[in-house]
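Scroll down for the structure; my scribbles are underneath it.
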Amino acid sequence: MEVEGRDMASIRGDTDEPRKFDLPVDSEHKATEFRVLSTAAPHMRAFHLSWVSFFSCFVSTFAAPPLLPIIRDNLNLTATDIGNAGIASVSGAVFARIAMGTTCDLFGPRLASASLILITAPAVYFTSIASSPISFLLLRFCTGFSIATFVSTQFWMSSMFSGPVVGTANGVAGGWGNLGGGATQLIMPLVFGVIRDIGAIKFTAWRIAFFIPALFQTLAAFAVLIFGQDLPDGNFSGLQNSGDKQKDEFSRVFYHGATNYRGWILALTYGYCFGVELTVDNIIAEYFYDRFNLELHTAGMIAASFGLANIVSRPAGGMISDITAKRFGMRGRLWALWVMQTLGGVFCVILGQVGSLTASIIVMIIFSMFVQAACGLTFGVVPFVSRRSLGVISGMTGGGGNVGAVLTQLIFFKGSKYSKETGITLMGVMIICCTLPIMLIYFPQWGGMFCGPSKNITTEEDYYLSEWNSKEKQKGFHQSSLKFADNSRSERGRSRVNTTTIPPNQV
Amino acid sequence: MAARGLLLASIYLSLLVHECYGVTLFSSLQKTLQVTTTTKRGQVLKAGEDKLTITWGLNQSLAAGTDSAYKTMKLQLCFAPVSQKDRAWRKTEDHLNKDKTCSFKIVEKPYNKSLQTLDWIIESDVPTATYFVRAYALNAERHEVAYGQSTNDQKTTNLFDIQAITGRHASLDIASVCFSVFSVVALFGFFFHEKRKARMSPQK
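Just so you know, the sequences run in chain order C and D.
For our numbering, add 8 to where a residue sits in the first sequence, where the first one is 1.
For our numbering, add 2 to where a residue sits in the second sequence, where the first one is 1.
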């Protein structure tokens, strides 16, 4: 299904001039190659816009933790205030991610993400004028909404890149965005230091420093609006006007997403890879500072390295997903996800048990690689769960990640019930338990971890077209799902793709 | 009397020489200094503006020679227990290396036998909290050998409050509001522009 560069005449027959893409594309014009160093429109340009804007949101959301030693003195915060603000910063995005998914399905990722980024930018600007623990908590809560742009990132990549490379594209975009959480631990103290050296006093310097992530966020959103494009063929609004894309109905989109049990399982398991990552971002600097009596900036650098591992680990997860899919199809993706995430849980348990600084750092880095790779692997599976409600499924999974972060912090890291090391060990046990449900995911056309594809010959068309009723099919609304089903045949794995005949298109 | 004082001092000196590489424990320090602050009960001092008057020196009623090891005097601003509650970064530890009670240095001077007075303008990075003042006497190796504080051992009397500066400026307030309004207005500007473009493009 690969088309080299030139556009095939559209199925409708009423296309405009043939479009030439810089990358090889499939019948939906999604790129079948991922060239990270290219900025070719529309595919790679969308990639760079999405990861940079998502990165800026992560920088803003986690801009406060590295400056807390100054902020807590200025605003007279207690440890409880700081803990609550940390939980607030990740809880806003729970529902924002689900809402974002639906918005992407209806309005397109470009408008959805840029709107959210520009609406949350004021929260970052206003952090400069925070004056009390309550205002600090509210501002961190509102800023945290911006990391719902994760969903638009994944949606956009799933719309621009075809099956064989979608895991890689999702993994790199997600990973390089998550990098912001680590980069901010280095950027903010640096910016603060420069401003203070210019002459500002401490309690003013941190306030001025917050303008940097805020401006970055604003400019990133402008770039998305000016240079971005929803789909390879154009924007949602343009395509809807020209009749090439149907404007879908919210209730149907939401219904098909919410009733797909695979979305719920992935939401749970994502809570125990990405949710764990967010929790660790919030607690790890303090853990090293307290347990090993390090200097704050040393603890901060170790904390940063956890987040910075995202530059390779999450993309690696996406690539592993795509590589196993080439040979084993969707079953390979599911097995790889289960193995990597369970190993992440094992290393988490070990992290809580080791007592020496060097061993802790090494185990933490191995743990970060497995947990972040599991995040990448999850979004190698998500694009295939639903075509019509891709946004809702992405949103549910993403939201589940944040729920995991809130729950884990509440159960293990609030107050003094457990020491941090016990909390980390118990978190590892919970990861292993909450990863088991992956065994329950089953695609009738491809199989699951333990079962092969259904005995009654089920095809990709049967699965994806079941999301449309006969009235909608009569109006031809399901055409993009049809194309997607055709393109997703690679998920059968090498052995079945070559031997089975491709069934005729069902309308 | 003098001999006993000398004996005590030399015992402490030798103990401290032994602990040269180790940690000095607060509980091992002798309370030979006296510190008083001229603050009224319930008075709130403003950081960056108000003055704190501190009088300190050796407790005159002690034997001569007690202070033979004292080379430097260090005055520090320390958190009262109420300001340490739920704030592990201000915790009191017996090991002076790990003790976070006294985070702000007021002044450090060579040791002087007589009572000294200082008018200290409270620095602008002092946070809002309840405080007392403590003086440490350091020996030639810069280890603490003695102390005194402006409050009792339970740290309940003669505490004073300091109100921090906000760090906010009118220019920051205005800039925040302007940039925020600009972001939201720009978003609606884009929407409006998109809608106009869509309406003007030919419909099929």
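Virtual Cβ for every residue (Gly too), placed ideally from N, Cα, C.
Here the C-alpha atom of P391 (chain C) lies approximately 8 Å from the C-alpha atom of S402 (chain C). For E196 (chain D), the nearest beta carbon of chain C is closer than 8 Å to its own beta carbon. A residue is called buried when at least 16 other Cβ atoms come within 10 angstroms of its Cβ; H51 (chain C) meets this threshold and is buried. Rounded to whole angstroms, the separation of the alpha carbons of T68 (chain D) and N154 (chain D) is 21 Å. Taking C-alpha positions only, A317 (chain C) is separated from L187 (chain C) by approximately 8 Å. Using a Cβ-Cβ cut-off of 8 Å, R215 (chain C) counts as an interface residue toward chain D, since at least one Cβ of chain D sits closer than that to its own. In terms of beta-carbon proximity, H97 (chain D) stays away from the interface with chain C, with every pair separated by 8 Å or more.
Taking 8 Å as the CB threshold, S427 (chain C) stays off the interface with chain D. Scanning C:M372, C:M338, C:A156, C:P461 for the CA closest to the CA of S496 (chain C) turns up C:M338. For P129 (chain D), the nearest CB of chain C lies under 8 Å from its own CB, placing it at the interface with that chain.
For the segment 112–142 of chain C, the residues whose beta carbon sits under 8 Å from a beta carbon of chain D are, in order, L119, A122, S123, L126, I127, A129, P130, Y133, F134, S136, I137, S139. Taking 8 Å as the threshold, the shortest C-beta distance from H145 (chain D) to chain C does not fall below it.
A distance below 7 Å between beta-carbons, with the five flanking residues on each side excluded, links L64 (chain D) to the following residues of its chain, in chain order: T34.
In this structure, DSSP gives G179 (chain C) a helical state, which the three-state scheme calls helix. Here the alpha carbon of E110 (chain D) sits roughly 27 Å from the alpha carbon of A90 (chain D). Short of 6 Å from the beta carbon of T287 (chain C), and not among the five residues preceding or following it, lie these beta carbons of its own chain, in chain order: A413, T416, Q417.
Judged by pairs of C-beta atoms under 8 Å, the segment 200–216 of chain C does not touch the segment 96–114 of chain C, as fewer than three such pairs exist. For E480 (chain C), the enclosing alpha helix (DSSP H) covers residues 478–482. Under the criterion of beta carbons closer than 8 Å, N92 (chain C) and L145 (chain C) qualify as touching, at roughly 6 Å. Cβ contact annotation for R270 (chain C) (same chain, cutoff 7 Å, sequence separation greater than five): V393, I449, in chain order. The residue from C:S167, C:A344, C:L76, C:R395 with its alpha-carbon nearest to that of M447 (chain C) is C:A344. Counting only the Cα atoms, S368 (chain C) lies some 38 Å from V400 (chain C). Within 9 Å of the CB of K422 (chain C), no CB atom of chain D is found; the nearest one sits about 13 Å away. Residue environment for K491 (chain C): buried (at least 16 other C-beta atoms within 10 angstroms of its C-beta). Look at E475 (chain C) here: in three-state DSSP terms it is coil, with no helix or strand label. Under the three-state reduction of DSSP output, T88 (chain C) falls in the helix class. By the rule that beta-carbons nearer than 8 Å mark a contact, L365 (chain C) does not touch chain D. In the DSSP assignment, H97 (chain D) is bridged to D:L27. With respect to L126 (chain C), M108 (chain C) sits apart: the two C-beta atoms are not nearer than 8 Å. For I373 (chain C), no chain D residue has a Cβ inside 8 Å of its Cβ, as the nearest lies near 26 Å away.
For F162 (chain D), the enclosing beta strand (DSSP E) covers residues 162–165. Between the beta-carbon of A293 (chain C) and that of A311 (chain C) there is about 4 Å, and that keeps the pair under the 8 Å contact cut. Rounded to whole angstroms, I90 (chain C) and F158 (chain C) show a C-alpha spacing of 25 Å.
Of the candidates D:G150, D:A166, D:N61, D:Q62, D:A166 places its Cα closest to the Cα of L47 (chain D).
Around the Cβ of V84 (chain D), a 10 Å sphere holds fewer than 16 other Cβ atoms; the residue is exposed. According to DSSP, residue pairing for E110 (chain D) in a beta bridge involves D:K76.
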